[in-house]
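Respectively, the protein sequence lines represent chains D and U. Okay, so the first sequence: first residue is 162 according to our numbering, each after it adds one. Okay, so the second sequence: first residue is 162 according to our numbering, each after it adds one. Heads up, the thing below is written out as structure tokens.
2 protein chains.
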Amino acid sequence: MFPFRVINQETTEDVLDMASVIRVVEQAYQMKSSQQATLFPLIFHEFVEGRADMDIKSGHLPQADIFGLKLVSWFGENDKKGLPQLVGTVMVLDSQTGVPQGILSGEHITCMRTGAAGGIGAKYLARRESENLLIVGTGHQAPFQIMATLMTMTEIKRVYICNPRSPEKAQSFAANIKENLLTRFVSKYAGEEYECYASRCDVQFIAVDNLEEATRKADIIITATPSREPMIQEEWVKPGTHITCIGADMEGKQEIDERLFAKARVFVDDVGQAVRVGETKVAVKKGLITEGNIAAEIGNVIPGHVQGRQDAEEITIFDSTGIAFQDLLTAAHILKVADKRGVGTIVDL
Amino acid sequence: MFPFRVINQETTEDVLDMASVIRVVEQAYQMKSSQQATLFPLIFHEFVEGRADMDIKSGHLPQADIFGLKLVSWFGENDKKGLPQLVGTVMVLDSQTGVPQGILSGEHITCMRTGAAGGIGAKYLARRESENLLIVGTGHQAPFQIMATLMTMTEIKRVYICNPRSPEKAQSFAANIKENLLTRFVSKYAGEEYECYASRCDVQFIAVDNLEEATRKADIIITATPSREPMIQEEWVKPGTHITCIGADMEGKQEIDERLFAKARVFVDDVGQAVRVGETKVAVKKGLITEGNIAAEIGNVIPGHVQGRQDAEEITIFDSTGIAFQDLLTAAHILKVADKRGVGTIVDL
């Protein structure tokens, strides 16, 4: 029998702070692109077409001495049963011994590592002096994207918030987001760190209903919607803009005009996944670009092996599809912190 | 957060009894062959060639309202670290909601469901009046095979035990096995059931070092070894014999002469897996049989959709490769019993 730590959602919320997750996800991307890590084949199963599915993403990170998996269920009709639609669990094992280390609630891990991805995309690909951030989508993921980007981009002055389906939602989101960020993210820090991140939230949060107008002003655009058709049109995007696409993670999903890929410098988290299920897939399918036109995986940009943005006029795209390594390394980070703090439940397995 | 049950190895040993596992595995086989269940693609990863690997077997059993996975690590050098070489965990989720139900230590589940497979092979394919059982292999799995077969086959009088590499091991195994069976398996029962299964152990356990001689006497042969070359030769096997092959589960492993497949009526647990990694693979590769010569999956024999043995002279083979459904349904059975008895550790996930 082994000591085995179970970490519930509440504990993942207590333990994780965005600055640490950004650091961890940067490591995960670099390990991914170092060719030493192995992503295992994705398992996907649909229980009821379009209404209930699950996937298992798994892999091995030898540089972190871990392997493991994240299993995510999506049951669209769960709200009728008083249950969340998305339920995820992450399991981490020691890759030197094969012994399981722990199992963790995956929802908050997923939110945090996805937010971190947006912050990292901007950090390495946007112009440093970017002042205007546009967030498309006001769902669960939006605050995570905003917080991470405010942490990595020091010059942001305005955050435009657009919900193409519901301007009212954008209004109420904009009205509450600052308080939301301070409570959920900044309150984790103390002293100078607290001051620093609190001052980062001291920007204008502006609800917009004209997406074209907001796009034309934006230095950084992050799309985090379940959209199935392009919302951001090619001709709206000004030179020098950076775009991170979060929402597209399967066949049929698309957030931005695929013609943008033909003129932009394109980065991804995982080439195979981006071409298969990410935002990149439509552009590749339509022959606007080939896999060879992808400049690099972000994991090669972070250590400087490949240049990110080449000049101030370039449009850059980061297609963030989400990879198992982000979850695994974030989960391993939680297990380490939990061990130090003595949180979570240790059981014998 | 969800209540989530963690079941350690000790509890799996307390909860499981062989008669129940035989019943559960029969159900698992039938669900498998009913075409309603879905086996997800196997994930296999080698950490160090020939020394450390892991696999993830997963699937969905709609008739049992569950899906899930078994992750098994094999680290050949773990004994130097005072750790077991094989570590397995099974995770079960509700396929109506996607919510995780529990995680279980997988070692004892695997041993029990594999033993049950041997008992079921004999039950449906051997001659009812079979008196002589030959077990090849005296490893961890051998007692499970013997107990299950004594439970399903009422006329057994003699159990021949052969370890082709170490006659001494066969001697000590034979000297202790009856006590071992009574302590580990039969002691779980009370009253009439106890009497019944205890009397089934009242047979002769005979260590043999001449495998040919023992094979010529055997009505039922079960091979459970890590052998990489055929041990049982074709010409040794008498008409009417049933053979269950347990050991071969990957490329390179083989226990019986592949020519036996050309003259036997062949059954498997899963056609694809048997042909790819099971005992059947060599016969298919050498062109002695094709996939089409496999009479049926055992799951079609159990409900009577396909006839098992057709006459008393026929040689039958059951290639048991081990399928995720056996683990998942056994794990779901444990979770049900644990819920009734209030055992295991319930944590919030």
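Backbone N, C-alpha and C define an ideal beta-carbon position, used for all residues, glycine too.
Asked: Cutoff 9 Å: Met-213/U Cβ touching any chain D Cβ; Found: One point to set straight first is that residue 213/U is Ala, not Met, in the sequence displayed. Yes, Ala-213/U counts as interfacial toward chain D.
Asked: Distance between Asp-214/D and Gly-413/D (C-alpha atoms, nearest Å); Found: 15 Å
Asked: Close Cβ partners of Val-185/U (< 6 Å) along its chain, the five nearest in sequence each way excluded; Found: Leu-490, Thr-491, His-494
Asked: Chain D contact residues for Ser-234/U, given Cβ-Cβ distances below 7 Å; Found: Leu-254, Gly-259
Asked: Sequence-distant residues of the same chain with beta carbon closer than 7 Å to Thr-271/D, five excluded per side; Found: Gly-249, Asp-488
Asked: Proximal residues of chain U, C-beta to C-beta of His-221/D below 8 Å; Found: His-206, Phe-208
Asked: Proximal chain U residues relative to Pro-202/D, where beta-carbon distance stays under 8 Å; Found: Pro-202, Ile-204
Asked: Interface positions of the segment 165-179 of chain U facing chain D (Cβ-Cβ less than 8 Å), listed along the chain; Found: Phe-165, Val-167, Asn-169, Gln-170, Glu-171
Asked: Under 9 Å between C-beta atoms of Glu-268/U and Leu-247/U; Found: yes
Asked: Sequence-distant residues of its chain with Cβ nearer than 7 Å to Thr-376/D (five each side left out); Found: Leu-295, Ile-382, Ile-393, Trp-397, Val-398
Asked: First and last residue of the uninterrupted beta strand (DSSP E) at Ala-457/U; Found: 455-458
Asked: CB contact check: Asp-240/U to chain D, cutoff 9 Å; Found: no
Asked: Residues that Met-314/D contacts on chain U, provided the C-beta gap is smaller than 8 Å; Found: What Met-314/D touches in chain U: nothing, since even the nearest Cβ is about 34 Å away.
Asked: Assigned exposure category for Arg-426/U - 16 Cβ within 10 Å defines buried; Found: buried
Asked: Where the beta strand (DSSP E) through Ser-348/U begins and ends; Found: Element bounds for Ser-348/U: n/a, residue is neither H nor E.
Asked: Sequence-distant residues of its chain with Cβ nearer than 6 Å to Asp-178/D (five each side left out); Found: Lys-349
Asked: Nearest-angstrom Cβ-Cβ length linking Gln-415/U and Pro-391/U, presumed shorter than 8 Å; Found: 5 Å
Asked: Residues, ordered as in the chain, of the segment 377-398 of chain D that lie near chain U by beta-carbon distance below 9 Å; Found: none
Asked: Collapsed DSSP secondary structure at His-494/D in the structure displayed; Found: helix
Asked: Own chain residues within Cβ distance below 7 Å of Val-462/D, not counting five before or after; Found: Tyr-285, Phe-428, Gly-469
Asked: Chain-ordered neighbours of Thr-199/D on chain U, where CB pairs are closer than 7 Å; Found: His-206
Asked: Backbone CA spacing between Gln-302/U and Ala-277/U [nearest angstrom]; Found: 11 Å
Asked: Chain D contact for Val-438/U (CB, 9 Å cutoff); Found: no
Asked: Chain U contact for Thr-250/D (CB, 9 Å cutoff); Found: yes
Asked: Short CB-CB distance (under 9 Å) between Leu-244/D and chain U; Found: yes
Asked: Alpha carbon of Ser-481/D to alpha carbon of Arg-326/D, nearest angstrom; Found: 23 Å
Asked: CB-CB length for Pro-328/U against Asp-370/U, believed under 8 Å; Found: 4 Å
Asked: Whole-Å CB distance - Asp-255/D paired with Ile-227/D, under 8 Å assumed; Found: 7 Å
Asked: C-beta contact flag for Thr-172/D and Gly-282/D at 9 Å; Found: no
Asked: Helix, strand or coil at Thr-310/U according to DSSP, with G and I counted as helix; Found: helix
Asked: Contacts that Met-192/U makes with chain D (C-beta to C-beta distance below 9 Å); Found: Within chain D, no residue comes near Met-192/U; the closest Cβ sits about 15 Å away, beyond 9 Å.
Asked: Cβ pair Ile-407/U, Gln-306/U closer than 9 Å; Found: yes
Asked: Closer than 9 Å at the beta carbon, the chain U residues around Leu-496/D; Found: Correct list: empty, because the minimum Cβ distance to chain U is about 15 Å.
Asked: Distance between Gly-280/D and Glu-340/D (C-alpha atoms, nearest Å); Found: 20 Å
Asked: Below-9 Å beta-carbon distance, Leu-449/U vs any chain D residue; Found: no
Asked: Own chain residues within Cβ distance below 7 Å of Glu-238/U, not counting five before or after; Found: Arg-212
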